[in-house]
Amino acid sequence: MNKHVSVMPEKAIEMLNIKEDGIYVDGTLGRGGHSKKILEKLKTGKLYCFDLDEEAIEESRNYLKDYDNVVFIHDNFRNIADYVEHADGILLDLGVSSPQFDEGNRGFSYRYDGPLDMRMDQNSTLSAYDVVNGYPQEKLEKILREYGEERFARKIAGEIVKNRPISTTLELVDVIKQALPTKVLNKKGHPAKQSFQAIRIEVNQELDSLKAFLEETDRILNEKGRLVIITFHSLEDRIVKQYFKKLTTVDDDKRIALRPEDVRVPDYRLPNHGEKASEEEISVNRRSKSAIIRGVEKDYGKNR
159 MNKHVSVMPE KAIEMLNIKE DGIYVDGTLG RGGHSKKILE KLKTGKLYCF
209 DLDEEAIEES RNYLKDYDNV VFIHDNFRNI ADYVEHADGI LLDLGVSSPQ
259 FDEGNRGFSY RYDGPLDMRM DQNSTLSAYD VVNGYPQEKL EKILREYGEE
309 RFARKIAGEI VKNRPISTTL ELVDVIKQAL PTKVLNKKGH PAKQSFQAIR
359 IEVNQELDSL KAFLEETDRI LNEKGRLVII TFHSLEDRIV KQYFKKLTTV
409 DDDKRIALRP EDVRVPDYRL PNHGEKASEE EISVNRRSKS AIIRGVEKDY
459 GKNR
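Reading the sequence shown from the start, the letters are residues 159 to 462 in our numbering.
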């Protein structure tokens, strides 16, 4: 059963500008929602799907069983160049899938009790238990501050170290709450959300993977190829926004030319500067509330 509801699927497909015979990549397969939308547009084209979660791949194999032009790859999207030479479009949906959040035994959720895991790839050696119980206090504090943008990172890190060993998600939630002042606990939103985000990012090396992936896309995208990315928090969006800005601008010294035909223009253009989900979508899929979709199109031809 496909329990995950994809975020902004119609907008993502529109921005990919899919060609029937094109080569496409879904770097974050999940439960196959976006992939199915892409496959519905293809005739002789091909789709490569990446995911670290073997459960997601197995579920999606069944969900997409009617298509024979799809390749499933159990690997991090940062390794895209190992499998794909050229593509007409690449999509990333950087959100954690609903089954991962909603199944307590995966350890992603601060609402359900389960082991401190948080590994997207179950074969990975580093788990949330290792981070919470093994990292020095200073490193924990750094992770909470940088990856969770947590104001009380120092207090939380100190409380974690004081209460070791911590074995389950709800044990960790209780420890985090102990470190926070009452006024924070009374605010709207779960008090452990930012800390759980920080630990999950560390366990899965999410930001490093995103940066490594972005550096590979230029040589993979075909002329007029599109790169579309959906982010869910400011750290991811900042990385994507800055990279897209780099692609779509030219240094002033490269704009200066004696002849008009020598003027260099950006190698990419923006099909989308950043768009949020509609109120209608948010009403039926609350996880789309924090999503931002951005895209670029490769356009080297202007400089050749």
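Using N, Cα and C, we set each Cβ at its ideal position, and we do this for glycine too. Owing to the predicted nature of the structure, the values given are computational and were not obtained by experimental measurement.
{"Check": "Same chain only: Cβ atoms within 6 Å of residue 267, ignoring 5 sequence neighbours per side", "Outcome": "259"}
{"Check": "Nearest to residue 302 (by Cα), restricted to the options 331, 311 and 322", "Outcome": "311"}
{"Check": "Secondary structure, alpha helix (DSSP H): runs of 4+ residues fully inside the region 225 to 294", "Outcome": "256 to 260 and 286 to 292"}
{"Check": "Which of helix, strand or coil DSSP assigns to residue 322", "Outcome": "coil"}
{"Check": "Reduced DSSP category for residue 470 - H, G, I as helix; E, B as strand; rest coil", "Outcome": "Any answer about residue 470 is impossible in this case: the structure gives the chain only from 159 up to 462."}
{"Check": "Cβ-based neighbour list, residue 270, same chain, cut-off 6 Å, excluding 5 preceding and 5 following", "Outcome": "262"}
{"Check": "Cβ-based neighbour list, residue 335, same chain, cut-off 8 Å, excluding 5 preceding and 5 following", "Outcome": "343, 349 and 350"}
{"Check": "Reduced DSSP category for residue 381 - H, G, I as helix; E, B as strand; rest coil", "Outcome": "strand"}
{"Check": "Sequence-distant residues of the same chain with beta carbon closer than 6 Å to residue 297, five excluded per side", "Outcome": "none"}
{"Check": "Simplified DSSP state of residue 389, which is helix, strand or coil", "Outcome": "strand"}
{"Check": "The region 180 to 190 touching the region 212 to 219, judged by at least three CB pairs closer than 8 Å", "Outcome": "yes"}
{"Check": "Through-space distance from residue 369 to residue 238, alpha-carbon basis", "Outcome": "13 Å"}
{"Check": "Nearest-angstrom Cβ-Cβ length linking residue 402 and residue 454, presumed shorter than 8 Å", "Outcome": "5 Å"}
{"Check": "Other residues of its chain near residue 356: CB distance less than 7 Å, five sequence neighbours each side excluded", "Outcome": "301, 302, 305, 306 and 308"}
{"Check": "Own chain, CB closer than 6 Å to residue 433, minus 5 neighbours either side, in chain order", "Outcome": "451"}
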